[in-house]
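A short worksheet on the structure shown next.
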Amino acid sequence: MVVDASRPIGMFDSGIGGLTVARATIDLLPHENLIYFGDTARCPYGPRPPEEVRKFALEIMDGLAHEDVKMLVIACNSASSWALEDAGARYDLPIVSVIHPGVRAAAAATRNGRVGLIGTLATVTSRSYDRALAEIRTDVEMFSQACPRFVEFVERGETSSDELVAVAEEYLAPLKAEGVDTLILGCTHYPLLSGVIQYVMGEHVVLVSSAKVTANEVYARLRAEGALNPSREPGEHRFIASSEEGISSELGRRFLGPEFGKVEHRPWDRF
Ligand code: DGL
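Listed below in structure tokens is the structure:
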């Protein structure tokens with residue numbers, strides 16, 4: 004496919020979690036233009052029924068496609084779990100989701116063949132990670148645990164409290180009991196909780212963050228498509244949120260860093 008390589012990458016999440024993927028992508032590809040959409044008006048996606056998550060994700064991707072993006076990055080595990088297949092059939096664009104890069108990294112990292120997955124209810128009940136793992140390895144077992152309360156902590160900027168440690172201990176106990184040696188952070192909000200998660204799991208457990216491995220995949224796919232932006236100027240980054248309050252600049256800067264600029268307020272299908 005011949006593309007105008009200066010077109011932006013379109014990326015979205017239900018809220019601010021996908022900013023962890025945006026951060027990793029900007030670090031690797033500082034010359035790329037980026038549109039990031041956080042569906043803050045409808046966050047969280049995790050507890051919603053699959054049909055609703057799928058509908059929301061396709062509405063947003065329609066909006067991004069209308070902006071003439073050169074690639075879609077589904078920086079949300081819940082949306083990837085329920086909308087990736089439909090998106091592949093609907094858009095003539097390269098699509099990167101957070102699932103397959105995370106599964107490949109975990110399969111490469113495990114030493115005892117026992118991998119844990121934590122994510123939202125939407126992600127865990129979809130079994131999307133189990134299917135992706137079965138495609139590449141049948142000798143690795145996966146143990147999944149939904150951690151529905153983690154997203155609330157992150158959305159209010161709470162990443163280290165005693166209450167959070169207590170909740171993490173409860174959620175992670177079954178995975179510790181299974182002896183997993185590798186744990187996929189299967190929600191883009193969770194890298195912000197990696198201090199607490201590593202503390203509870205112990206140092207011997209390898210944490211796989213979907214942020215970094217997804218950014219690597221964005222690079223690899225753009226390269227394969229011949230679509231890396233040749234410009235040497237810093238890329239332009241647009242941040243859009245669907246609710247009036249949007250994303251606070253304090254949390255935006257904490258999740259993304261100094262590049263986090265003004266947030267535009269737009270509906271989910273018109274940017
Ligand atoms: N960040 C989203 C994910 O990766 C989930 C947050 C939510 O429940 O909306 O699944």
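The sequence shown begins at 4 in this note's numbering and counts up one residue at a time. We put the beta carbon where it would ideally sit given N, CA and C, even for glycine. Keep in mind the model is a prediction, meaning the values are calculated, not measured.
- In the DSSP annotation of this structure, the continuous segment of the beta strand (DSSP E) that includes G119 starts and ends at R117 to G122.
- In the DSSP annotation of this structure, the continuous segment of the alpha helix (DSSP H) that includes S197 starts and ends at S197 to M204.
- Note on the segment 136–168: whole beta strand (DSSP E) runs with a minimum of 3 residues are 144–149, in chain order.
- The beta-bridge partner set that DSSP reports for S100 consists of I77.
- Not one heavy atom of ligand 1 sits closer than 8 Å to the Cβ of A86.
- P270 has its CB no nearer than 8 Å to any heavy atom of ligand 1.
- Around the beta carbon of P270, a 10 Å sphere encloses fewer than 16 other beta carbons of the protein chains shown; the residue is thus reported as exposed.
- Around the beta carbon of L61, 16 or more other beta carbons sit within 10 angstroms, so the residue counts as buried.
- Taking every protein chain shown into account, the CB of G160 has fewer than 16 other CB atoms within 10 angstroms, so this residue is exposed.
- Within the same chain, Cβ atoms closer than 6 Å to the Cβ of D133 are found at M145, the five residues on either side in sequence being excluded.
- Each residue's CA atom was taken as its position, placing I243 and D142 some 42 Å apart.
- Within the same chain, M14, A25 and F242 come within 6 Å of Y39 by CB-CB distance, once the 5 residues on both sides are set aside.
- Judged by pairs of C-beta atoms under 8 Å, the segment 122–131 does not touch the segment 209–223, as fewer than three such pairs exist.
- In the three-state scheme derived from DSSP, where H, G and I count as helix and E and B as strand, G105 is classed as helix.
- Shown here for T191: same chain residues with a beta carbon closer than 7 Å to its own, the five before and five after excluded, namely D16, G20, G21, T23, V24, A78, C79, N80, V101, S213 and A214 in chain order.
- C-alpha of A92 to C-alpha of S164: approximately 43 Å in a straight line.
- In the structure shown, the three-state DSSP call for Y39 is strand.
- Straight-line spacing of the CA atoms in V266 and P104 works out to 29 Å.
- By the Cβ-count criterion, N36 is buried, with 16 or more other Cβ atoms from all chains shown falling within 10 Å of its own Cβ.
- Between the segment 47–61 and the segment 219–239, the count of Cβ pairs shorter than 8 Å is below three; the stretches do not touch.
- In this structure, DSSP gives H69 a helical state, which the three-state scheme calls helix.
- Residue side-chain check: G105 keeps its Cβ at 8 Å or more from all non-hydrogen atoms of ligand 1.
- Taking all protein chains shown into account, I29 has 16 or more neighbouring C-beta atoms within 10 Å of its C-beta and is therefore buried.
- Between the alpha carbons of G238 and L188 lies a distance of about 28 Å.
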